[in-house]
Every structure is written in C-alpha cells, then in structure tokens.
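Those sequence lines, one after another, are chains A, B, C, D, E and F. Numbered according to the numbering used here, the first sequence spans residues 2 to 120. Numbered according to the numbering used here, the second sequence spans residues 2 to 120. Numbered according to the numbering used here, the third sequence spans residues 1278 to 1404. Numbered according to the numbering used here, the fourth sequence spans residues 1278 to 1404. Numbered according to the numbering used here, the fifth sequence spans residues 157 to 256. Numbered according to the numbering used here, the sixth sequence spans residues 157 to 256.
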Amino acid sequence: MKFGILVNEGPYNHQASDSAYQFAMAALEKGHQIFRVFFYYDGVNNANRLQEPQSDDRNLVKMWSKLAEDHGVDLVVCVAAGLRRGIKDENLAPGFRISGLGQLIEAGIQSDRMVAFGD
Amino acid sequence: MKFGILVNEGPYNHQASDSAYQFAMAALEKGHQIFRVFFYYDGVNNANRLQEPQSDDRNLVKMWSKLAEDHGVDLVVCVAAGLRRGIKDENLAPGFRISGLGQLIEAGIQSDRMVAFGD
Amino acid sequence: MDEEMESGVVKKFMFVNRKAPYGTIYALEVLEMVLISAAFDQDVHLAFVDDGVYELKKGQDTAGIGMKNFSNTYRALEGYDIEKLYVEKESLEERGLTEADLVVPVEVVSRAGMAELMDGMDVVLSA
Amino acid sequence: MDEEMESGVVKKFMFVNRKAPYGTIYALEVLEMVLISAAFDQDVHLAFVDDGVYELKKGQDTAGIGMKNFSNTYRALEGYDIEKLYVEKESLEERGLTEADLVVPVEVVSRAGMAELMDGMDVVLSA
Amino acid sequence: MIHTVNKSPYERNAFDSCLKHAVKGSAILLYEDGVYAAVKGCTAAARLADAVADHPVFVLGPDLKARGMDPANVVDGVRVVDYGDFVDLVVEHGTVQAWL
Amino acid sequence: MIHTVNKSPYERNAFDSCLKHAVKGSAILLYEDGVYAAVKGCTAAARLADAVADHPVFVLGPDLKARGMDPANVVDGVRVVDYGDFVDLVVEHGTVQAWL
C-alpha cells in the first residue's frame, strides 16, 4: 500500500517527528511504500541541517536524511512555510527537497492512506 | 523597573513572539529597562536570520534585531536549545547572541519582573 | 464526462479546523492548503469544529497585534469553487456564537451530522 | 552569614511543571533550567501540577520510542541541593497515582497549599 | 502576583488550572487565545464571572479585537487593557505566573 | 475510519472531541501523551471505558512504557499495539483522522 505522511512540528520540541519516523520505518518494514513525507508548519524545521543534538540523543534530521537515502523516500519541505521559518536551500539537510504545498495535496490523491503527526 | 522576558516559542507558529515583542515595546515606551530577552525551547528559532516571511506580513526576526539595535536590548539565545534546533552563529540574526542557560537565571535574579511568553 | 473525471482521481478531502486564529498559525496555514487544493479538482470540504468556529467570526481587526487579518480569505473561497463549508452547531453554541456572527455563508450541522460527514471522507487533514 | 547571602541576592524561584514528559520537550528543558539554577545559590522550588506529575512516574522505559529517558535526573537533584519538590495531591489522584508511584521523595501538598506556595514566589517559570 | 492565561478555555486546561490556583486577591490577565473566556455568553464566561468576585480580572483589548470580539461585551467586572496597561499591571502586582 | 489521539486527556480537548465525533464502529488509537487516557484508575479512563462498547480501541505500547505505564493495566477491552500494528490498523480501517 502507498502511504503519505504529514509532519506538522519540528524535531525535539514535540514527539510528532519521532512518531512519524517510527511509523514510516514500520510501514517500510512491512513492505509498504512511502509515497512522500511532507513537512509543513513548524515541521519544516526537521530539514535544518545545522541542528546538532547532544551526543547521547537521537539525531532526527540525520534519521530523516538516512531514510531518504536508504529507501528513496521523497522528503518535501513546503516552500512557503519554510521561507517563513528560515528553511532554505542553504541550510537544507541531504535528502530533503523544497517544493510547493501542491505536493501535499498530490500525496493525498496518490497515496492510499494519509497519516498526519503533529501537536 | 527592570524586566526580564522569556520567549518559549518560535516566530509565526505561535503568537508568543509577537506578544513578547509588543510587551517589550510597551515597557520601553513607559521608560522601563529590559534587562534581557532570553530565547529558550523553540523560541531559539526567533534568531534564524534566514527567515523570510511574505512581503505583507510582519518580519519578527528583523523586529527583534531592530529592538536590539534601537534600544540596546540584550537578546540571548540558549546555546543548548539552539544547537538542538540548528540555531548557531552561522545563521544567527544581528543583535542576538548565543550563551548559556545561566543567563536566564541571572535575568531572573537581576530583573524586578520576569515575564514569560509561550504556547 | 466532466472536467474533474478527466483529470483523474477525485477524492473527498476534508480540512478540519479546530484551532482559534492568531494564537497559533494553524488556521492560516490550513487555509493556504485549502487554496492550493482548489487547483486539483478534488471534492473539498471544510469543517469548523471546537475553536475552529472562531476562525469565521466577523469583525476581526488585527491592527493592534501587528498580524495580518486573513478572515476575508474565507470569503474568497467561493471564487475557487470551494463551497462546502460546515460549521458545528454545538461548537457555536458553547461559544455564544450564531450563524449571523460568521463572515461567510456556511452550512450549520449538528455534532452527529458532522461526525457522519467526517466518516465519509477519503483524506482528512486537520490542525 | 551563610554562603548564599554572601553571593548576593537570593530569590525564591519556582519551576512549575504542568506537562507530561516525551510528548513535548518542556519537561526535559525545564529540568535543564533547574540544574543550571543550582549554580546560582537561589532558593529553588519545583512544583508538579496537572500533567507535570507524570514526569515523576516510576518505571519509565523509552527504548521503544527512541528517546532519552531523563527521569533518573530527578533523583540527582538532591546532589545539587535542590530538595524542595512539591507535588499536588489532587493532580495525582485525578491520574490514579500515589506518592508510591514517584521516582523521588517529594512533599505532597493540597491544591490550596500549592496555590499558597506559588503565591509566595519571586520568580515563577513554567512550561 | 499576577497570573496570565493565553490559551483558549476550550482547548486547554490552563484557564481552569489558573482559576484553581490563583489565591484570593491575585490578579488575572487573559490575552492571546485566552481572551475568549472573557466574552459574555460563552460557557467559559460563567467560570470567569465567579472569579471576578475574588480577583481583579483583565483582558487584552488588542487580542479581543483581532478575534472579532467586542471589548464592550466582556463579562461584568472584567477590565479591558492595552499592552501599556499589561506592563503597568506587572509592575503593580509583582511576580508573574504564566499558565503556559 | 481510524481516529488517532496524541494529546493528554487532561491538557487538551482532543480526546473528548474525538469521542464525540467518532461514529460507532470506527477505530480509535491513543499514542504519545494520548496513552494516559487508557490507564486504569485515572478519571479519563471512565470515558474511554464507555467508548470501548462502540469502538475498537488501541493504545501504543511503546508510548505507554516510555511513560512508566504498565501495558497490563489498561482499561478492559483496550488492545496494546506496536508501531507495526499501527500501520496495519491504518491499512485495515481506511481514512485516518488525526485529532491534533
């Protein structure tokens, strides 16, 4: 089955990004496809490559980047929400791309299921 | 009177930064002193100089920078919270400085009043 | 065959608004989602429940808080052929509001009716 | 004259915990604040009310969610001479918890007692 | 002491928790989404009306107006203030407890 | 349809709003801070117990354990699941409505 995932909050401050990541991994392990992960609202902050958590903590930005690398998952950051919050090409982590909000609607149309994680 | 201000949330997603700014301006207009504005939790995102809101919207990062420039207000971003969220010298807006959480406790001690804005 | 069918899949989308405006950005950014969805010829529904009904309150004036007033945008939705706006009766009543307080014509539905509507959707996006 | 007086002003600080752990970061980052405050020789109080009482629940095991378990840090507070931990009785009861469920010794106070404590503070920081 | 509440009384428990913990005589200021509790006719207003007997209660006018709420239509005894008054209230009432 | 609730039933209105809007037979999954509602003996558990009669109700085990809550001590009829089951539930129950 094809899943679309929406992430509404940034890393660390809320568990949303963690839960979305765990869900995505579980879906892939079950042989499902992730059509796209879309980052909206403060969720765009998941793509900030400058983040550097404490060494004994998880590194959510790197976890998402690795998910894209290992499984070819399409990680899309909303351009308008990103501009508003200062997420641009110059601080974008590997594996993420910046595009329009239409990519979220498209994910809703093309995926069999849309699952949203937020505050 | 000396005020300390704590900002717990990033710009745009929550009104906290707007309210803190309006409060700070009103305090200055009344002749009070702002000992320090401390940015903690997602509040560190107020210092991201890459943010670029729509042209008809307010620009909160610039508003804070201007507050620092015009009134010499000390804007401090928590180093640990900032690292976790990718706010560092390389993307720090003018007028902000990065320092330790002790600066918040010091503001609590030195200020006559501490006022917190958050979610 | 109508235009929507020609362009492919048509799903029932519902954007659920449960948050008050200005205190957080969700109401505004959901509205941006809704506007974009108009380009995809989907069957778009907007639901206003809980504090989401406050988004439609008439007479918003944001000059004093330095933020952009986006409440007029709800009136522009009709121009995008987005006309299915549902407001929950119980949510209005709890907040002392009536249909006459709202900036746009809407369909006021009971909580039970809203629940049935939600249950019939293909994609539900909320904030 | 004791050490605290020598170092200057001593204020009554209260860190009010009202949020559950892990769902949001507030509990963890408040704790980081509290640890730093120990270096300033202030009169530090921690209050646990509403969902904040969940922060102290015994037996937390975060292996399954990939997050760091910080609940043991509350036990380290004593080593920093932070010993004034107040937990609201009514908040525990509503959540089906008792003092025996908590990772550290605390003083359980009534809601009215908590209100009085709060009212006597110089600086209140909450999340 | 002055307590501030910035959240809707319907969405969060901050408003009710504040009312339960504010000792008699301490001030309460509603702002941001907290202002909805001050509007006459909503179900939360009854709880605020009870609080007016024991507390000076204030609501931030700019936040009311932003949300389309008429400052003339607030619960009896609640005073509508601006940001400058917010500053004065903090000066006057001492320690601020923000119910975030 | 499957409804998801990730907020504490004490802090937010999401849990109660979900219960009011979930039609009979639709599934409910509690995760993140939403899991507290599933723990026996808390005041929210009574409302969940009523819901069990009309809905398949699930709670995410990893979130319970993280919070020190015993998966064996959940409201009768509530099933404890893991992330893989969460995926299966979404496959099985169709549209997801997240009560954020």
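All C-beta atoms, glycine included, are put in the ideal place defined by N, C-alpha and C.
Cα-Cα separation, V236(E) to G1341(C): Approximately 13 Å, taken between the alpha carbons.
Within chain B, partners of A1443(D) - CB distance below 8 Å: Only positions 1278 to 1404 of chain D appear in the structure, and residue 1443(D) is not among them; the question remains open.
Length-filtered (4 minimum) alpha helix (DSSP H) runs lying within the stretch 224-252 of chain E: Those alpha helix (DSSP H) runs which fall completely within the stretch 224-252 of chain E and span 4+ residues are 239-249.
Under 7 Å by beta carbon: chain B residues contacting E188(E): Within chain B, the residues near E188(E) are Q16 and S20.
8 Å Cβ cutoff, H33(B) in contact with chain E: True, the Cβ-Cβ gap to chain E drops below 8 Å.
Where A1297(D) meets chain F, residues with beta-carbon distance less than 8 Å: Simply S164, E167, D189, Y192 and R223.
CB contact check: G1329(D) to chain F, cutoff 8 Å: It does not; no Cβ of chain F falls within 8 Å.
Distance between L216(E) and G1336(C) (C-alpha atoms, nearest Å): C-alpha separation (whole angstroms): 17 Å.
Where K1288(D) meets chain B, residues with beta-carbon distance less than 8 Å: Within 8 Å Cβ-Cβ: G109 and I110.
Which listed residue (K31(B), F36(B) and A48(B)) has its alpha carbon closest to that of R98(B): Residue A48(B) is the option with its Cα nearest to R98(B).
Within 9 Å of chain D by C-beta, residues of the stretch 77-98 of chain B in sequence order: Cβ contacts with chain D: C79, A81, A82 and R85.
Among H177(F), V243(F) and G224(F), nearest to Y192(F) - alpha-carbon criterion: Of the candidates H177(F), V243(F) and G224(F), the one whose C-alpha sits nearest the C-alpha of Y192(F) is G224(F).
Inter-residue Cα distance where the pair is V116(A) and E107(A): Approximately 14 Å, taken between the alpha carbons.
Same chain only: Cβ atoms within 6 Å of E1281(C), ignoring 5 sequence neighbours per side: Low local confidence applies: a pLDDT of 43 at E1281(C) is under 50, so the model's placement there is unreliable, and no value is given.
Any chain B beta carbon closer than 8 Å to F171(E): Among the CB atoms of chain B, none fall inside 8 Å of the CB of F171(E).
Interface flag, E1309(C) vs chain A, CB-CB below 8 Å: With 8 Å as the cut-off, E1309(C) counts as an interface residue toward chain A.
Beta-bridge partners of R37(A), as assigned by DSSP: DSSP output for R37(A) lists G5(A) as bridge partner(s).
Where the alpha helix (DSSP H) through D19(A) begins and ends: Its alpha helix (DSSP H) spans residues A17 to E30.
Segment contact flag, the stretch 34-41 of chain A with the stretch 69-79 of chain B, C-beta cutoff 8 Å, min 3 pairs: In short, these stretches do not touch, since the Cβ pair count stays below three.
Exposed unless 16 or more other CB atoms sit within 10 angstroms - verdict on D1396(D): Classification for D1396(D): buried.
heavy atom of the ligand ADP below 7 Å from V195(F) C-beta: No copy of the ligand ADP appears in this structure; indeed no ligand is present at all.
Unbroken stretches of the beta strand (DSSP E), 3 residues or longer, contained in the stretch 1283-1328 of chain D: Runs of beta strand (DSSP E) with 3 or more residues, each lying fully within the stretch 1283-1328 of chain D, are found at 1289-1294 and 1320-1325, listed in chain order.
Spatially closest choice to K3(A) from A25(A), S66(A) and K63(A), by CA coordinates: Nearest C-alpha to K3(A): A25(A).
Interface flag, V195(E) vs chain B, CB-CB below 8 Å: Answer no: the Cβ-Cβ gap between V195(E) and chain B never drops below 8 Å.
C-beta neighbour in chain C for T160(F), strict 8 Å: Interface residue (Cβ-Cβ distance to chain C less than 8 Å): T160(F) is not classified as such.
Complete runs of the alpha helix (DSSP H) confined to the stretch 36-72 of chain B [at least 4 residues]: Taking only runs of at least 4 residues, the alpha helix (DSSP H) segments lying wholly in the stretch 36-72 of chain B are 61-72.
Distance between Q52(A) and R59(A) (C-alpha atoms, nearest Å): Looking at the two C-alpha atoms, the distance is approximately 11 Å.
Alpha-carbon spacing of S41(A) relative to G119(A), whole angstroms: This sequence places Tyr at residue 41(A); Ser is not what is there. Using only the alpha carbons, I get a separation of about 10 Å.
Proximal chain F residues relative to D1399(C), where beta-carbon distance stays under 9 Å: Neighbours of D1399(C) on chain F, chain order: G250 and T251.
Cβ contact (3+ pairs, closer than 8 Å) linking the stretch 81-89 of chain B and the stretch 1287-1296 of chain C: Between the stretch 81-89 of chain B and the stretch 1287-1296 of chain C there are fewer than three C-beta pairs closer than 8 Å, too few to call the two in contact.
Simplified DSSP assignment, three categories, for R1372(C): DSSP places R1372(C) in coil when its eight states are reduced to three.
S112(A), buried or exposed, once every other Cβ within 10 Å from all chains shown has been counted against 16: Buried, since its Cβ has 16 or more Cβ neighbours within 10 Å.
Buried/exposed call for Q253(E), threshold 16 Cβ in 10 Å: Buried.
R168(F) versus I184(F) - alpha carbon distance: Their backbone Cα atoms lie some 17 Å apart in a straight line.
Alpha-carbon spacing of A228(E) relative to L220(E), whole angstroms: C-alpha separation (whole angstroms): 10 Å.
Exposure of P218(E), with buried meaning 16 or more beta-carbon neighbours within 10 Å: Buried, since its Cβ has 16 or more Cβ neighbours within 10 Å.
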